[in-house]
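**Student:** Here you go, one structure.
Protein chains in written order, with the numbering used here: chain A, 129 to 428; chain B, 405 to 593.
Here you go:
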């Protein structure tokens, strides 16, 4: 459990705070929806209701992360978000294909939803057309992925953020500022076992002390890629859920925890971890948690 | 020599050590016949491709790389792999004309890529998912009975033995100092 010397920025996205000294705000969770197959909107609606209830009960903010696989799904998914998600609830859109990203930004703009949008993500492969669209329609926040295929260590991740590591024309932080992204979240890019997977966790305190920006990652990706764990299905589920604890323990601010179906396990787990961190942070560093923190909500 | 093969572990299945075909599975539910050398899925357009290059050139018997199944959306990993074979990489290590989002080869020497392009013929079956069609192509490759390409090329070696090289004993990372109570500050400030 840590505290940082560098001033820590807290961003507010449609009422949800992310960042700051450990123990101040609760860890923010991102739960993935529509990652597999065609979107099941009935199922998703049920999950979103549970998400809102669990979040309210525990104090752990949870942001749904909508995966949009292809262009033909953009309108349906965005209209679903507009109709189903509570009016001020922030959400993120996770898209790989640049043309789908562009269409999504345009439609979010048309629907006036950009003030609640976290763009997932800007990285070294972000195209010129995508950058132009982001300039025209900047989302409220963006996740910047510090993936450096050349150097997967924390130094390599910083290099990509600072100067693009010869993989992008400029550093991703400069790019995000030039685009006009007000709220930046750094993702330390969790990679598969054998690809310096631990660096994603080690980089969290380094990035936070270097820039003071809200930082996290999708550490569950490492579990998903641990093929040997398939032989131990019960353990795999446990490890998948438990891996998320590494992020707040190393000072991180948010966790992308994978399928929303896991929220029943992940939300209480993170609430527990946040209470543990908050007790130390208050006792040794004098950081008292905000009113909505799990430590204030769950006093039994 | 076969124990030298496939130095970079992953989600692949090995079959015949002297087989001449490696099969790359994109989005497809297909199991190749036992007489291929190796098969497995490809997901990412950078590290995934690097693993395929390193592992195929480690076995000189492999002369054909069959890439089959539906392309991976966004990553476009299959087409990026074919672009690597066709065009190589530029001075920034980017695969020339690869359509994937982040198609960079960073963990292999240039000579490994030269070897990959020379040793293997790539068969583009992107979009093909039918077992019968893929089986026929594999059979055709095997019937060509091309000779071994020579010595294995070990592009990368994952050291299995325990060793320590503690050049920096400072906690976590050289850029930061963590005191005994957990207070972090930037080193040098």
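We put the beta carbon where it would ideally sit given N, CA and C, even for glycine.
#1: Where do the N-terminal and C-terminal ends of the alpha helix (DSSP H) with residue 162 of chain A fall, by residue?
#2: Pull out every residue of the segment 454-485 of chain B whose Cβ sits closer than 8 Å to any Cβ of chain A, in chain order.
#3: Going by the beta-carbon positions, is the gap between residue 406 of chain A and residue 417 of chain A smaller than 8 Å?
#4: When the Cα of residue 326 of chain A is compared with those of A:341, A:351 and A:302, which residue comes out closest?
#5: Distance, Cα to Cα, residue 414 of chain B vs residue 520 of chain B?
#6: At what residue ranges does the segment 132-183 of chain A contain a whole run of the beta strand (DSSP E), taking only runs of 3 or more?
#7: Might you give, ordered along the chain, the residues of its own chain that have their beta carbon closer than 7 Å to the beta carbon of residue 317 of chain A, omitting 5 neighbours on each side?
#8: For residue 131 of chain A, go through chain B and note every residue whose CB falls closer than 8 Å to its CB, in chain order.
#9: Against chain B, does residue 217 of chain A count as a neighbour if the rule is that its beta carbon must be under 8 Å from one of theirs?
#10: Measuring straight from C-alpha to C-alpha, what distance separates residue 588 of chain B and residue 311 of chain A?
#11: How far does the alpha helix (DSSP H) with residue 328 of chain A in it reach, from first residue to last?
#12: Quick check on the DSSP output: the alpha helix (DSSP H) that includes residue 291 of chain A runs from which residue to which?
#13: Distance cutoff 8 Å, beta carbons only. Does residue 429 of chain B sit that close to anything in chain A?
#14: Could you check if residue 360 of chain A is buried or exposed, using at least 16 other CB atoms within 10 Å of its CB as the buried criterion?
#15: Please state the DSSP three-state secondary structure of residue 268 of chain A.
#16: Between the segment 547-561 of chain B and the segment 445-461 of chain B, do three or more beta carbon pairs fall short of 8 Å?
#17: For the segment 511-525 of chain B, list every residue whose C-beta sits within 7 Å of some C-beta in chain A, in sequence order.
#18: Which chain E residues are close to residue 496 of chain B, counting only those with a beta carbon under 8 Å from its beta carbon?
#19: Does the distance from the C-beta atom of residue 374 of chain A to that of residue 348 of chain A stay below 8 Å?
#20: Since residue 426 of chain B is in the beta strand (DSSP E), which residue starts that stretch and which ends it?
#21: In whole angstroms, what is the alpha-carbon distance linking residue 241 of chain A and residue 221 of chain A?
#22: Give me, in chain order, the residues of the same chain whose beta-carbon lies closer than 6 Å to that of residue 415 of chain A; leave out the 5 immediate sequence neighbours on both sides.
#23: Taking only three categories from DSSP, how would you classify residue 245 of chain A?
#24: Less than 8 Å between CB atoms is the rule here; does residue 225 of chain A satisfy it with respect to chain B?
#25: Near residue 379 of chain A, which residues of its chain fall below 6 Å by C-beta distance, leaving aside the five closest residues on each side in sequence?
#26: Bridge partners for residue 473 of chain B per DSSP, in chain order?
#27: Can you check which of these residues, A:424, A:353, A:314 and A:307, is closest to residue 257 of chain A by C-alpha distance?
#28: Helix, strand or coil for residue 584 of chain B per DSSP?
#29: Pairs of beta-carbons, one from the segment 219-234 of chain A and one from the segment 477-486 of chain B, closer than 8 Å: are there three or more?
#30: Could you tell me whether the Cβ of residue 275 of chain A comes closer than 8 Å to any Cβ of chain B?
#31: Are the CB atoms of residue 471 of chain B and residue 529 of chain B within a distance shorter than 8 Å?
#32: What's the gap between the Cα of residue 578 of chain B and the Cα of residue 584 of chain B?
#33: What are the start and end residues of the alpha helix (DSSP H) that includes residue 392 of chain A?
#34: For the segment 506-514 of chain B against the segment 531-539 of chain B, do three or more pairs of beta-carbon atoms, one drawn from each stretch, fall closer than 8 Å, so that the two count as touching?
#35: What whole-angstrom Cβ distance do residue 518 of chain B and residue 469 of chain B have, given they're in contact under 8 Å?
#36: Under 8 Å between the Cβ atoms of residue 420 of chain A and residue 154 of chain A?
**Tutor:** Based on what the coordinates show:
#1: Residue 162 of chain A: not part of any alpha helix (DSSP H); DSSP gives it neither H nor E.
#2: 477, 478 and 479
#3: yes
#4: A:351
#5: Whole-angstrom Cα-Cα distance: 19 Å.
#6: The beta strand (DSSP E) runs of length 3 or more contained entirely in the segment 132-183 of chain A are, from start to end of the chain, 138-141, 144-147 and 156-161.
#7: 273, 274, 275, 285, 328 and 345
#8: The answer, in chain order, is 586, 587 and 588.
#9: no
#10: 24 Å
#11: 327-339
#12: 282-291
#13: no
#14: exposed
#15: coil
#16: yes
#17: For the segment 511-525 of chain B, no residue has a beta-carbon sitting nearer than 7 Å to a beta-carbon of chain A.
#18: No chain E is present in this structure, whose protein chains are A and B.
#19: Note that the C-beta distance between residue 374 of chain A and residue 348 of chain A is not below 8 Å.
#20: 425-429
#21: 11 Å
#22: 149, 151, 152 and 409
#23: DSSP places residue 245 of chain A within a strand segment (E or B) once states are collapsed to three.
#24: yes
#25: 130, 150, 332, 333 and 336
#26: Bridge partners of residue 473 of chain B: B:530.
#27: Proximity to residue 257 of chain A across A:424, A:353, A:314 and A:307 peaks at A:307, based on C-alpha coordinates.
#28: coil
#29: Yes: at least three Cβ pairs fall under 8 Å.
#30: At least one CB atom of chain B sits nearer than 8 Å to the CB of residue 275 of chain A.
#31: yes
#32: 16 Å
#33: 391-413
#34: no
#35: The Cβ separation is near 15 Å, so there is no contact.
#36: Taking 8 Å as the Cβ cut-off, residue 420 of chain A and residue 154 of chain A qualify as a contacting pair.
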